[in-house]
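Numbering (this note's numbering), first residue to last: 274 to 663.
Contents: one structure, followed by commentary.
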Amino acid sequence: MRDPLSEKVKSLKPSGIRKFFDVVSEMPDAISLGVGEPDFDTPWHIREEGIYSLEQGSTFYTSNAGLLELRKEISRYMKRKIGVEYDPKAEVLVTVGGSEAIDLAFRSMLNAGDEVAYIEPSFVSYLPCIVMADGVPVPIPLKEENRFRLTPEELRAAITPKTKLLMISFPNNPTGAIMEREDLEKIAEVCVENDLYVISDEIYMELTYGVKHTSIASLPGMRERTVVINGFSKAFAMTGWRLGYAVGPERIIRQMIKLHQFAIMSAPTTAQYAGIEAMRHGEKDVEMMRDSYNKRRHYIMKAFQDMGLSCFEPQGAFYLFPRISEFGMTSEEFATRFLNEEKVAAVPGSAFGDSGEGFLRISYAYSIEELREALGRLKRFIDRLRGEQR
274 MRDPLSEKVK SLKPSGIRKF FDVVSEMPDA ISLGVGEPDF DTPWHIREEG IYSLEQGSTF
334 YTSNAGLLEL RKEISRYMKR KIGVEYDPKA EVLVTVGGSE AIDLAFRSML NAGDEVAYIE
394 PSFVSYLPCI VMADGVPVPI PLKEENRFRL TPEELRAAIT PKTKLLMISF PNNPTGAIME
454 REDLEKIAEV CVENDLYVIS DEIYMELTYG VKHTSIASLP GMRERTVVIN GFSKAFAMTG
514 WRLGYAVGPE RIIRQMIKLH QFAIMSAPTT AQYAGIEAMR HGEKDVEMMR DSYNKRRHYI
574 MKAFQDMGLS CFEPQGAFYL FPRISEFGMT SEEFATRFLN EEKVAAVPGS AFGDSGEGFL
634 RISYAYSIEE LREALGRLKR FIDRLRGEQR
């Protein structure tokens with residue numbers, strides 16, 4: 274029989290995140306510090322709105338682009354948060370999570386052979402989505418000494434005549450790095466000079482600590498060349514509702530809707546009604562969760578300092594990216610031993626690209642009790658490793 278499988282799909286590596294958590298799910302007394310999922314329940318008033326929509330019989334398809342009422346709320350939200358107005362009828366698309374929006378953007382914008390410069394370490398979906406859209410991925414390794422921010426010099430070095438897109442994600446997963454306005458202004462200049470379009474994944478934009486989020490779409494000359502990706506999972510603790518969105522120029526959003534129409538039809542109706550409530554009345558919930566994450570961030574950074582573990586201090590998202598290269602093993606070897614010996618799952622930095630080697634991603638979207646126990650196990654583990662090195 275002939276091979277029924279696509280060579281392109283076979284060439285893709287499975288997610289480096291899921292590998293460890295498939296093991297954890299069957300390991301008694303294991304603690305997971307790796308899944309990027311808030312430990313908060315979806316706020317009750319948001320759940321109630323979803324329940325009410327079911328009780329009212331609102332169980333039918335919505336328009337392909339999503340409920341107009343939700344798209345209007347998204348438009349108001351973006352105006353409020355990043356200072357950019359989008360036409361809810363033409364420039365907003367509701368998707369099945371932010372991940373679908375990323376996939377649609379690449380497939381709508383890339384021709385075969387177009388190059389995509391993307392920051393690394395980065396969310397695990399970017400590389401395979403570029404490949405599946407017949408683009409050519411060009412990683413830009415970010416450096417810890419630059420606080421994992423993209424510099425204009427690094428971007429210029431990655432650009433060739435075939436570069437069409439820049440993919441950025443700030444606040445960043447896995448590093449927790451942010452880009453402030455003055456940083457993004459320099460990147461915007463390079464994009465305009467080289468006629469680059471930008472896909473900006475801003476799923477963590479509500480989770481910044483002490484610094485106001487800036488979207489590159491809000492800068493001069495960038496609205497017309499930027500697709501902003503966002504969603505409800507992280508800010509509103511709605512991961513299982515699978516609700517995201519994209520905003521951007523009408524000519525791009527129109528093509529994304531076409532692909533969404535053929536592949537998905539529409540995002541889950543119940544989730545869309547809940548999303549309306551989240552955007553209208555969820556501000557206090559977001560503030561409460563952000564304050565809690567910030568306390569956990571300080572708690573873990575202090576614990577790392579006490580155990581002598583080097584770690585860049587993040588200002589966004591809910592991840593820490595400690596350096597573990599001192600122990601003389603790969604990040605996957607470190608994570609595997611940590612899981613097997615102490616029953617704690619964390620993600621090897623290499624899961625986020627080659628430039629993540631030597632680091633470990635730890636999520637602090639967990640209770641203080643879980644974090645305290647996991648950090649105790651981590652200290653015991655690294656003390657043992659240092660003992661082995663003597």
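Even glycine gets a Cβ: it sits at the ideal position worked out from N, Cα and C.
Supposed close pair residue i, residue j - CB separation, criterion 8 Å
i, j, result
"isoleucine 319", "alanine 508", "In fact, because the Cβ distance is near 11 Å, the residues do not count as touching under 8 Å."
"alanine 576", "leucine 648", "5 Å"
"asparagine 337", "serine 539", "6 Å"
"valine 367", "tyrosine 359", "Incorrect: roughly 12 Å between the Cβ atoms, too far for contact."
"alanine 385", "arginine 420", "The pair is not a contact, with the Cβ atoms about 36 Å apart (cut-off 8 Å)."
"isoleucine 460", "isoleucine 432", "Incorrect: roughly 12 Å between the Cβ atoms, too far for contact."
"glutamine 545", "leucine 306", "Actually they are not in contact, since the Cβ atoms of glutamine 545 and leucine 306 sit about 32 Å apart, beyond 8 Å."
"glutamate 634", "alanine 618", "Sequence check: residue 634 is arginine here, not glutamate. Between alanine 618 and arginine 634 the Cβ distance is about 11 Å, and since that is not below 8 Å, they are no contact."
Residue i - DSSP class collapsed to helix/strand/coil
i, result
"phenylalanine 577", "helix"
"proline 493", "coil"
"asparagine 503", "strand"
"threonine 603", "coil"
"glycine 548", "helix"
"glutamate 475", "coil"
"threonine 609", "helix"
"proline 301", "coil"
"threonine 315", "coil"
"glycine 309", "coil"
"isoleucine 375", "helix"
"histidine 486", "coil"
"asparagine 419", "helix"
Cβ-based burial, residue i [other Cβ within 10 Å; buried from 16]
i, result
"asparagine 613", "exposed"
"arginine 275", "exposed"
"proline 277", "exposed"
"tyrosine 518", "buried"
"glutamine 329", "exposed"
"phenylalanine 443", "buried"
"leucine 327", "exposed"
"threonine 671", "Since the first and last residues shown for the chain are 274 and 663, residue 671 lies out of range."
Strand pairing of residue i, partner residues [DSSP]
i, result
"arginine 634", "Val620"
"arginine 596", "Phe632"
"leucine 440", "Sequence inspection shows methionine at residue 440; the leucine mentioned does not correspond to that position. Its beta-bridge partners are Tyr391 and Ile472."
"isoleucine 413", "Ile392"
"valine 520", "Val365 and Val501"
"alanine 589", "Looking at the sequence itself, residue 589 is glycine, so the reference to alanine does not match. Its beta-bridge partners are Thr481."
"cysteine 584", "Pro595"
Reference residue i, options the options, closest by Cα
i, options, result
"alanine 510", "Ala385, Ala547 and Met538", "Ala547"
"glycine 631", "Pro311, Pro425 and Thr603", "Thr603"
"leucine 285", "Asp302, Cys402 and Ala374", "Cys402"
"glutamate 466", "Glu479, Thr487 and Pro493", "Pro493"
"leucine 658", "Glu523, Glu615 and Leu593", "Glu615"
"proline 522", "Val404, Ser583, Ile290 and Val500", "Val500"
"asparagine 503", "Ile597, Lys354 and Pro301", "Lys354"
"alanine 590", "Ser583, Glu462, Met452 and Phe607", "Met452"
"arginine 569", "Pro311, Ala461, Ser288 and Arg454", "Pro311"
"glutamate 427", "Lys416, Lys437, Lys435 and Pro434", "Lys416"
"leucine 377", "Asp407, Arg349 and Glu462", "Asp407"
"glycine 555", "Val484, Ile347, Lys281 and Val282", "Ile347"
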